[in-house]
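These protein sequence lines are chains F and D, in that order.
The working numbering puts the first residue of the first sequence at 1, with every later residue one more than the last.
The working numbering puts the first residue of the second sequence at 1001, with every later residue one more than the last.
The beta-carbon is built from N, C-alpha and C at its ideal position, and this holds for glycine as well.
All figures in this text were calculated on a predicted structure; none of them were measured in a lab.
See below for the structure under consideration.
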Amino acid sequence: MDDTQLVARVRAGDTRAERALYDQHVDRVYRLAYRMTGDDELAREFTQDTFVRVFDRLHQFRGEAALGTWVRSIATTVVLNGLRKVKRFRQREVALEAAGSVGSSPVRAEPDLKEKLRSAVDALPTKYRMVFVMHDVEGYTHEEISQQLGMQLGTSKAQLSRARAKLRESLAEFAGEWAS
Amino acid sequence: MTEERFQEFLRGAAQDYHRPPETPREEMWQAIQAERRERVEELERQAWRWPHRVARSPWVRWGVGIAAALVVGVAIGRFSERGQPVETAAAPSGRAAVEAGAARGAELAAPYRWVATEHLGRVETFLTGFRVDARQGQPVSDPTGSARQLLSSTRLLLDSPASDDPRLRNLLEDIELVLAQIAQFRGESDGEELDLIDDSIEQRSVLLRLQSVVSAQAARAGSQGVL
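Below you can see the structure in the form of structure tokens.
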């Protein structure tokens, strides 16, 4: 069954078609949400929200792009908006924690490469991180990224390049790992 | 060469970045279905409550108030016209007739002008709030319902003598257009519709003109003791 037939059946109220659409796309949506949040609960919330919107707005799907692209463009919007809210919430939390722990200075162990890389990727601006995760981690092409994030192809490439440059800078102490 | 090696290294090392567990398909599917059912039930509840909610809405009460004021205004106008003595033999002519007509017109238009000023004030408040909330990404509470009510009142005013003033008529027509756009607003997060509405408000300088008319009318009414 192709996208057009599947969408037509979902619009006609066929619940098995709804499930088929969900099964086709849920993995990539959940994976991306998890990669971006690193949190199962948030990834589930964003994935569920994505599919609620997909079914709610399926009448707006005109078949100009592939159904998967359309679904994932909704997913990226949900994830980016959700992360913005989470960031605001966490900033408030951190501020409260900082206010409550004046004078204490936790001793931190020297992070290993994996930990350092995780921190460096986490520290990237959200859009750079999204492009980096989509391209270098999940294997999306620049065409897919530009369609799903609603940006020019060149912007996607430029943002990936900037993300890599920032990571290279952050991981300078491990240069031997790739120079050897 | 080093750059290529770095990219290769990065791609390999980054595979561990927030490595996702197996997709919890069934649990999420159940949650999605439950959320959709809840939405449908909520819509049904809202449809059931709609007449009561609408009746309680301040915008509806204002709409009804404006309609009532217009009806009273028309009645006063007609009554006062009927009460005028018929002066067929000694009707004023020339400049005197024009001045008399203008004076009567001004007198007749007073209730309409008062209603129009009140209405424009409401529109200004609504549009300012809508714009601020929309720009901050906050959902505006029932914007379409409020816009529809204001739209009805705007159309009533357009059909009344209040719109004899070309400047006011022009403003009311622009407001009608903006309110019609908001009345059809579906609250989408992509912002395209919001941008269009924002452009309409901006291009026609609606808020600026509203503020200018409302403050001018308020000043005039203050000096005349109307408001």
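- Shown here, D:Q1184 sits in coil according to DSSP, grouped into three states, outside any helix or strand.
- Here D:S1200 has L1177, V1178 and Q1181 as same chain residues with Cβ atoms under 7 Å from its own Cβ, once five neighbours each way along the sequence are excluded.
- Cβ neighbours of F:L67 within its own chain (closer than 6 Å, five residues either side excluded): D3.
- The beta-carbon of F:D27 is placed less than 8 Å from the nearest beta-carbon of chain D.
- D:L1194 and F:L113 have their C-alpha atoms roughly 45 Å apart.
- DSSP places F:T37 inside the alpha helix (DSSP H), whose first and last residues are T15 to T37.
- Here F:T47 carries a helix assignment [DSSP, helix/strand/coil].
- In the assembly as shown, F:E115 is an exposed residue. Its beta-carbon has fewer than 16 other beta-carbons within 10 Å.
- For the pair of segments examined, the stretch 162-174 of chain F was found not to touch the stretch 139-146 of chain F: the number of CB pairs separated by less than 8 Å stays below three.
- For the stretch 110-127 of chain F, the set of residues with a beta-carbon nearer than 8 Å to any beta-carbon of chain D comprises L113, K114, L117, R118 and V121, in chain order.
- If you compare the alpha carbons of D:I1175, D:S1160 and D:F1185 with that of D:A1134, the shortest gap goes to D:F1185.
- The Cβ of D:W1029 sits closer than 8 Å to at least one Cβ of chain F.
- Around the Cβ of F:M36, a 10 Å sphere holds 16 or more other Cβ atoms; the residue is buried.
- The beta-carbon distance between D:R1122 and D:L1150, rounded to whole angstroms, is 7 Å. This is short enough to meet the 8 Å contact definition.
- Nearest in C-alpha terms to F:D40, of all of D:D1165, D:R1025 and D:R1037, is D:R1025.
- Taking 8 Å as the upper bound for CB-CB distance, D:L1172 and D:S1163 are in contact here, some 6 Å apart.
- F:T76 does not reach chain D, its nearest Cβ partner there being about 12 Å away, counting only Cβ pairs nearer than 9 Å.
- Residues of chain F whose Cβ lies closer than 7 Å to the Cβ of D:R1148 do not exist; the shortest such Cβ separation is about 22 Å.
- About 6 Å separates the CB atoms of F:T76 and F:L149; that is less than 8 Å, so the two are in contact.
- Against D:E1035, the close residues of chain F are Q48 and V52, in the order they occur along the chain (beta-carbon pairs closer than 8 Å).
- Burial is judged here by how many other beta carbons sit within 10 angstroms of a residue's own beta carbon; F:V52 has at least 16 and is buried.
- The C-alpha of F:T47 lies about 53 Å from the C-alpha of D:A1216.
- For F:V78 against F:L42, the beta-carbon gap comes to about 11 Å, at or over 8 Å, which does not count as contact.
- If you check each beta-carbon in the stretch 1006-1018 of chain D against every beta-carbon of chain F, the ones closer than 7 Å belong to F1006, Q1007, F1009, L1010, R1011, A1013, A1014, Q1015, D1016, Y1017 and H1018.
- With respect to chain F, the C-beta atom of D:P1143 has no partner C-beta closer than 8 Å.
- Collapsing the DSSP output to three states places D:H1018 in coil.
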